[in-house]
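Student: Encoded as structure tokens, here's the structure I'll be asking about.
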Amino acid sequence: MAKKVILDVDTGSDDAVAIIEALRCPDLEVVAICTVWGNLDVPYTTENTLRLVSSLGRKDIPVYMGCGTAMVKYLDGSRTPPVKENQPIIKDGKELHIHYQELEGLAPTDKKAEKMDAVSFYVNYLRASKEKVTLIPVGPLTNLGEAFSIAPDIADKVEEIVIMGGGDEIANVSCCAEANIWHDPEAAEIVARCGAPVLWIPLDATHSAALTIEDAKKLRELGTFAGDFAALMVEQRVEFESASIGGDKNNSAIHDALAVAAVIDRSVLTDVLTCNVHIGLKGFSEGETIIDRRCIPDKANCQFARRASKEKFLSMLCDYLGRE
Ligand code: RIB
Ligand code: CA
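Going by the numbering used here, the residue at position 319 of the sequence shown is 320; the numbering climbs one at a time, nothing skipped.
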């Protein structure tokens, strides 16, 4: 029996690979895809998602548009100003992005988002569901923060929440925070406390399974649209990240796709900590995933992956993206 999952995405380049992987894996039943702000404004993350599912021949997948900004963070002018998201890097006169507003290689589509918003969808669908569903949020957690606030009871219908976000020894958007969690720390804390089982897929794990340009060649050798598109996403990310460090970088962490891989086959994760994690909400630690490291820590509330197998991850991608 395929596992029912709901993806929550801010489609972007690595979100797109995650969506393809989930839709091509026979062990998953993608019930719906919810979109959220983050890498791009939510109209763009939504349109990229609509175009991608259409290009994959999956117009049957309902897409629900979600929140356009954080729950409370930007109501208070004293909070860290929004990071100028997705700033381009100019290289040889060309603007490079890690998340293009219109993902290259996706044709326009007549598919539209559902009339219902993502937050209402979560509440209605989960309350009515006869079986538990696995949630895979790979962008800011705003949609789920709102849903669990208005309907905390829906946590009983959640099998597990597998979050791409956070970091222990690695950060990206500040000295101690990862982008998805930093964008909406309050939403992340609401999700951390919701009572459903939580597995974090943080930067420590995703960076340990980064894909190289050579790996992108293997994806191209699959001879499928999915393989070619995923290879393009890897190549564009490596090009951007190399330009941003002003040197040569040969790999890029395809963060969101590892979260989906972990739902499909947990053995892709090679080091997982059972621990207590809460979120820094203000000041220097805003958006940090804080692991309780006391000798007698608070009761564990999650699992936190620290390493993954790049070989297993790539093999899974080649298996699923090689299928038409
Ligand atoms: O920090 C990495 C995360 O931020 C990924 O989900 C990427 O898509 C961006 O949303
Ligand atoms: Ca994402």
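Even glycine gets a Cβ: it sits at the ideal position worked out from N, Cα and C. Predicted, not measured: the structure shown is a model, and the values here were computed from it.
1. Which term fits Cys26, buried or exposed, when burial requires 16 or more other beta carbons within 10 angstroms of its beta carbon?
2. Does the Cβ-Cβ distance between Val64 and Leu51 come in under 9 angstroms?
3. Examine ligand 2 and report whether any of its heavy atoms sits within less than 8 angstroms of the Cβ of Asp157.
4. Measure the C-alpha to C-alpha separation of Glu190 and Gly67 and round it to an integer number of angstroms.
5. At which residue ranges does the stretch 169 to 250 contain complete alpha helix (DSSP H) runs of 4 or more residues, listed in the order of the chain?
6. Just grab the DSSP bridge partners of Cys276 for me.
7. Near ligand 2, which residues have their beta-carbon less than 7 angstroms from any of its heavy atoms, given in chain order?
8. Just to confirm the assignment, what range does the alpha helix (DSSP H) spanning Ala33 have?
9. Going by DSSP, which residues form a beta bridge with Met165?
10. Run through DSSP, which three-state label would Ser130 get?
11. Mind reading off the beta-carbon distance from Ile62 to Leu322? Whole number of angstroms is fine, and I expect it under 8 angstroms.
12. Can you find the residues in the same chain that come closer than 8 angstroms, C-beta to C-beta, to Val192, ignoring five residues on each side of it along the sequence?
13. With contact counted as at least three CB pairs below 8 angstroms, one residue from each stretch, are the stretch 260 to 279 and the stretch 300 to 309 in contact?
14. In terms of DSSP beta bridges, what is Leu292 paired with?
15. Beta carbon of Phe314, beta carbon of Leu212: below 9 angstroms?
16. Should Asn252 be listed as close to ligand 1, given that the test is whether its C-beta is under 8 angstroms from any heavy atom?
17. Hey, is Asn173 close to ligand 1, as in C-beta under 8 angstroms from one of its heavy atoms?
18. Whole-angstrom Cβ separation of Glu325 and Thr225, contact assumed at under 8 angstroms?
19. Could you tell me whether the Cβ atoms of Glu187 and Ile280 are closer together than 9 angstroms?
20. Report the rounded CA-to-CA distance for Ser55 versus Ala33, giving the unit in angstroms.
Tutor: If we stick to the structure as given:
1. So Cys26 ends up on the buried side.
2. Their beta carbons are under 9 angstroms apart, which means Val64 touches Leu51 by this criterion.
3. For Asp157, the Cβ stays outside the 8 angstroms cut-off from all heavy atoms of ligand 2.
4. Approximately 19 angstroms between the Cα atoms of the pair.
5. The stretch 169 to 250 contains these whole alpha helix (DSSP H) runs: 180 to 184, 186 to 193, 204 to 209, 214 to 221, 226 to 245.
6. According to DSSP, Cys276 bridges with Cys303.
7. The filter returns Val10, Asp11, Gly13, Asp15, Asp16, Gly39, Asn40, Val139, Gly140, Met165, Asn181, His256, Asp257, in chain order.
8. Note, Ala33: premise wrong, no alpha helix (DSSP H); beta strand (DSSP E) at 29 to 36.
9. Paired residues: Ile202.
10. In the three-state scheme derived from DSSP, where H, G and I count as helix and E and B as strand, Ser130 is classed as coil.
11. Between Ile62 and Leu322, the beta carbon gap of about 17 angstroms keeps them out of contact (Cβ cut-off 8 angstroms).
12. If we look at Val192 and ignore the five residues flanking it on each side, its Cβ neighbours are Pro138, Leu142, Leu145, Gly146, Phe149, Ile162, Ile164, Val199.
13. Judged by Cβ distances under 8 angstroms, the stretch 260 to 279 makes contact with the stretch 300 to 309, as three or more pairs qualify.
14. In the sequence under discussion, the amino acid at residue 292 is Ile, which differs from the Leu named in the question. For Ile292, the pairing in a beta bridge is given by DSSP as Val278.
15. Against a cut-off of 9 angstroms, the Cβ pair of Leu212 and Phe314 comes out as a contact.
16. Result no, Cβ not under 8 angstroms from ligand 1.
17. At least one heavy atom of ligand 1 is found less than 8 angstroms from the C-beta of Asn173.
18. At roughly 6 angstroms, the Cβ-Cβ gap stays under 8 angstroms, so Glu325 and Thr225 are in contact.
19. Inclusion of Glu187 and Ile280 in the CB contact set at 9 angstroms is warranted, their separation being smaller than that value.
20. C-alpha of Ser55 to C-alpha of Ala33: approximately 14 angstroms in a straight line.
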